[in-house]
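Only one structure is covered here, and it is reproduced in the block below.
In my numbering, the protein residues as written are 260 to 467.
Take a look at the structure:
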């Protein structure tokens, strides 16, 4: 009975807003990010090729974008998602952004980022890349960034709702479950353990 209650609590999908319209947009089917962002990633590569970039150059820039995403993912999770200000409004904001996921980690409709958040953020990063790298280099970098983001979203969904079979998948799932249920001060990388290794935040196994 206790196990059933715990499973129900972890999978629950509580309301975040009293307003039904706002609450509706706080939940998202996991297919939506791919529907929105796969065409954007393809467009970035196409624009670079159309401007004369070769396959090798595009591949390197896409890889750079993926690497930039992994670092962004790590610091967003560590600094923004786990920022808990000592103020009622700040605490409420933290719960909406990430706290609800820690309270109900198996809510199937809150495991990928809602477009109301992801689309403006993507537009912001694209603008920053055009300022930093110029065009057309910014386009394949952005494509790699988006591919990294999609990998993050679907890795996150996968480790919560499936049992990975690969060695890497098992490691990512173990690290993320330790982040949830052992110590949330460790294990900020979801799609890659790279930056946890570099910044020494790999979850530690408990000693019996």
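Just so you know, even glycine gets a beta-carbon here, dropped at the ideal spot from N, CA and C.
task = Check whether the Cβ atoms of residue 418 and residue 435 sit closer than 7 Å, and answer yes or no.
result = yes
task = Look at residue 297 and residue 403 and say whether their C-beta atoms are less than 7 Å apart.
result = no
query = Which residues mark the beginning and the end of the alpha helix (DSSP H) in which residue 413 is found?
reply = 397-420
task = Verify whether the separation of the beta carbon atoms of residue 399 and residue 303 is less than 7 Å.
result = yes
task = May I have the straight-line CA-CA distance separating residue 457 from residue 429, to the nearest angstrom?
result = 20 Å
request  = Report the three-state DSSP secondary structure of residue 332 (helix, strand or coil).
outcome  = helix
query = Terminal residues of the continuous alpha helix (DSSP H) containing residue 470?
reply = Any question about residue 470 goes unanswered here, given that the chain covers just 260 to 467.
message = Here's a check: name, in chain order, each residue in its chain whose Cβ is nearer than 8 Å to the Cβ of residue 327, leaving out the five neighbours to either side.
response = Taken in chain order, the residues that qualify are 400, 403, 404 and 407.
request  = Specify, as a first and last residue, the run of the alpha helix (DSSP H) that residue 296 falls within.
outcome  = 291-309
query = residue 375: which of 278, 277, 279 and 286 sits nearest, CA to CA?
reply = 286
ask   = What span of residues does the alpha helix (DSSP H) with residue 287 cover, start to end?
value = No alpha helix (DSSP H) holds residue 287; DSSP gives it neither H nor E.
message = Below 8 Å on the Cβ atoms is my contact criterion, and I expect residue 448 with residue 343 to pass it. Report the Cβ-Cβ distance as a whole number of Å.
response = Actually they do not touch by this definition, with Cβ atoms about 20 Å apart.
request  = With DSSP as the reference, label residue 342 as helix, strand or coil.
outcome  = coil
inquiry  = Within a Cβ cutoff of 6 Å, which residues of the same chain sit near residue 386, ignoring the five residues on either side of it in sequence?
reply    = none
Rounded C-alpha distance that separates residue 468 from residue 440 = With the chain represented from 260 up to 467, any question about residue 468 goes unanswered, as that position is not in the structure.
ask   = Going straight from the alpha carbon of residue 306 to that of residue 442, what length do you get?
value = Each residue's Cα considered, the two are about 44 Å apart.
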